[in-house]
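Comments concern the structure below.
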Amino acid sequence: GWSSKPMAVFGIPFLLLLIHLFCVFFTANDPKRKNINRRIFTMVLWLVPVVSVITCMSIYGLALGMDIDIGVIVNIMVGIMFIILGNYVHKVKQNYTVGMKLPWTLNSEENWNRTNRMTGWILILSGLLFLMNSLLLKTEIVFAVILLVILVPMIYSFILYKKGI
469 GWSSKPMAVF GIPFLLLLIH LFCVFFTAND PKRKNINRRI FTMVLWLVPV VSVITCMSIY
529 GLALGMDIDI GVIVNIMVGI MFIILGNYVH KVKQNYTVGM KLPWTLNSEE NWNRTNRMTG
589 WILILSGLLF LMNSLLLKTE IVFAVILLVI LVPMIYSFIL YKKGI
């Protein structure tokens, strides 16, 4: 009972479609698109629709009275996405769509490569933590993992930048 039935049936799928089109548009118009590996490009374009389908199925399942724990589903989805992204992000060449995009990573290929290699490991570790958290459902773990994913690569990249890399 968080929204009206028309919003759940039509509004949410439409919103998810807009998010997908947004991803397609910005990925297709990336000035450094030629640097994006074709497999990674395809993965980015499939990620949003797959998450959208799972989200809609969960919403409809709840509406039909199924006993679905959204927290478990979200933790599992985010965990799997992080593990998949972590396995690809270290292979990504400089671009404006996929990877750790900071001023100093975009100005130095070496900084980009080192930062995204480390980011890949952080994402895999974080994905595993999200999967474990699907059993615990601790909000504190979610916040800690998100901070880990954001801050550690940024700080690492900045340290590399200060060292002239």
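Going by the working numbering, the sequence shown runs without a break in its numbering and finishes at 633. Where a beta carbon is used, it is the ideal one built from N, C-alpha and C, also for glycine. Predicted, not measured: the structure shown is a model, and the values here were computed from it.
Check	Outcome
Examine the Cβ distances between the stretch 478–495 and the stretch 543–559 and report whether three or more of them are shorter than 8 Å.	no
Between the Cα of isoleucine 522 and the Cα atoms of Ser472, Ile618, Leu484, which residue gives the shortest distance?	Leu484
When we look at the beta-carbon of serine 471 and count the other beta-carbons within 10 Å, is it buried (16 or more) or exposed?	exposed
Would you report the Cα separation of isoleucine 527 and lysine 473, rounded to the nearest angstrom?	11 Å
Around the Cβ of asparagine 575, are there at least 16 other Cβ atoms within 10 angstroms (buried) or fewer (exposed)?	exposed
Please state whether the Cβ-Cβ distance between tryptophan 572 and serine 520 is less than 9 Å.	no
Roughly how many angstroms lie between the CA atoms of tryptophan 507 and tryptophan 589, to the nearest whole one?	Tryptophan is not the amino acid found at residue 507; the sequence shown has arginine there. In a straight line, the C-alpha of arginine 507 is about 19 Å away from that of tryptophan 589.
Mark leucine 615 as exposed unless 16 or more other C-beta atoms lie within 10 angstroms of its C-beta, in which case mark it buried.	exposed
If you drop the 5 nearest sequence neighbours on each side, which residues of the same chain put their C-beta closer than 8 Å to that of leucine 605?	Asp537, Gly539, Val540, Asn543
First and last residue of the alpha helix (DSSP H) that includes alanine 531?	506–531
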